[in-house]
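The opening residue of the sequence shown carries number 177 in our numbering; numbering runs sequentially from there.
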Amino acid sequence: MSYRNCWSLYKRTTSKKMSSFWELLCHGLGRIACANVLSDLYAMGVTECDNMLMLLGVSNKMTDRERDKVIPLIIQGFKDAAEEAGTSVTGGQTVLNPWIVLGGVATTVCQPNEFIMPDNAVPGDVLVLTKPLGTQVAVAVHQWLDIPEKWNKIKLVVTQEDVELAYQEAMMNMARLNRTAAGLMHTFNAHAATDITGFGILGHAQNLAKQQRNEVSFVIHNLPVLAKMAAVSKACGNMFGLMHGTCPETSGGLLICLPREQAARFCAEIKSPKYGEGHQAWIIGIVEKGNRTARIIDKPRIIEVAPQVATQNVNPTPGATS
Numbered sequence: 177m178s179y180r181n182c183w184s185l186y187k188r189t190t191s192k193k194m195s196s197f198w199e200l201l202c203h204g205l206g207r208i209a210c211a212n213v214l215s216d217l218y219a220m221g222v223t224e225c226d227n228m229l230m231l232l233g234v235s236n237k238m239t240d241r242e243r244d245k246v247i248p249l250i251i252q253g254f255k256d257a258a259e260e261a262g263t264s265v266t267g268g269q270t271v272l273n274p275w276i277v278l279g280g281v282a283t284t285v286c287q288p289n290e291f292i293m294p295d296n297a298v299p300g301d302v303l304v305l306t307k308p309l310g311t312q313v314a315v316a317v318h319q320w321l322d323i324p325e326k327w328n329k330i331k332l333v334v335t336q337e338d339v340e341l342a343y344q345e346a347m348m349n350m351a352r353l354n355r356t357a358a359g360l361m362h363t364f365n366a367h368a369a370t371d372i373t374g375f376g377i378l379g380h381a382q383n384l385a386k387q388q389r390n391e392v393s394f395v396i397h398n399l400p401v402l403a404k405m406a407a408v409s410k411a412c413g414n415m416f417g418l419m420h421g422t423c424p425e426t427s428g429g430l431l432i433c434l435p436r437e438q439a440a441r442f443c444a445e446i447k448s449p450k451y452g453e454g455h456q457a458w459i460i461g462i463v464e465k466g467n468r469t470a471r472i473i474d475k476p477r478i479i480e481v482a483p484q485v486a487t488q489n490v491n492p493t494p495g496a497t498s
């Protein structure tokens, strides 16, 4: 998700005087940025973080009043997610920039048994994904609600309510830490994993396949997608690349190589109420003997992931942990 786009969302909501909404949005952006940074540790099965730094680009297009309102909320969201992860932000860097830029560094010192090298997939493993795809689509089309020429392209396949729910679901998923999945990687003997972000599901699968010690390839048969976003993507032609696996994600789930006999148990366990609400996982493909490549079959099965936001409080109060 482009934070340039998020700034335009802020401008849209503030122009409508929806103060509570943009406060939650700005706080959520901080949480999402922190979750995205931490996923580099979680993808290796590391569940504990010793220290975090926050990198913040403050938009020089903001007025002083806007800056004083927005930036503290973003920083608080980042800090709250770090606290949820059991760590704290001890420093960082702030610069002026044309648009808001959020990022950070997460570091830890751990024992060899506390991390999982991402290079041990074997033929017969299955691929598991822990968050649905389509966040970029959901955020983009949410902005289209105020752009008639763009909304007209998709209004026959999606309603305004569908878009609002998909947007809220995307925000909820992006803000959720991958920490639970990282811990369960140890429980269920994961052989390799990566987090899904800017290269899309296929790009990250290809990168992971290239790292394998064994001669294997990944084949993806199923694509879990936020409800209605597959139809939106199809209506837009090749604009998003969602069905081809090239659509970028922000703070996406973990793509994990698991022994076949363990995968279903992993997917069931991660949904347990003891880990909190909202965690999901799907078996999306297989690991077979090959030449360290990854591909999506010609007609993958689209798994429509229904929104959970109707039954959850997905936007934590600014300044509070979730």
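Virtual Cβ for every residue (Gly too), placed ideally from N, Cα, C. Please read these numbers as outputs of a predicted model, since none were measured by experiment.
Asked	Found
So MET361 and GLY221 are supposed to be a Cβ contact under 8 Å. How far apart are they, rounded?	4 Å
Does the stretch 418-434 come close enough to the stretch 325-337 to have 3 or more Cβ pairs within less than 8 Å?	no
For GLY466, tell me which candidate among GLN252, ALA385 and ALA368 has the shortest Cα-Cα distance.	ALA385
By alpha-carbon positions, which one of ALA314, ALA209 and LYS475 ends up nearest to GLU511?	In the structure displayed, the chain extends from 177 to 498; residue 511 sits before or after that span and is not available.
Can you grab the Cα-Cα spacing for the pair ARG188 / THR239, in whole Å?	Only weak support exists for where ARG188 lies, its pLDDT of 41 falling under 50; the value from the coordinates is given anyway. When rounded, the distance between both Cα atoms is 15 Å.
Over the uninterrupted alpha helix (DSSP H) stretch that includes GLN344, give me the two end residues.	336-351
Considering only residues of the same chain and omitting the five flanking positions on each side of ALA261, which have a CB-CB separation below 7 Å?	LEU214, CYS225, LEU353 and ARG355
Quick one: give me the first and last residue of the alpha helix (DSSP H) that GLN319 is part of.	311-320
Whose CA, out of VAL395, ASP371 and GLU445, lies closest to the CA of ASN212?	ASP371
Can you pull the DSSP bridge partners for ASN273?	SER235
Give the DSSP-derived three-state secondary structure of HIS420 in the structure shown.	coil
Give the single residue among ILE323, ALA406, TRP275 and VAL234 whose Cα lies nearest to the Cα of ILE247.	VAL234
Does the distance from the CB of CYS423 to the CB of GLY376 come in under 8 Å?	yes
When the Cα atoms are used, what is the spatial distance from LYS410 to HIS397?	18 Å
Cα separation between PRO400 and GLU290?	29 Å
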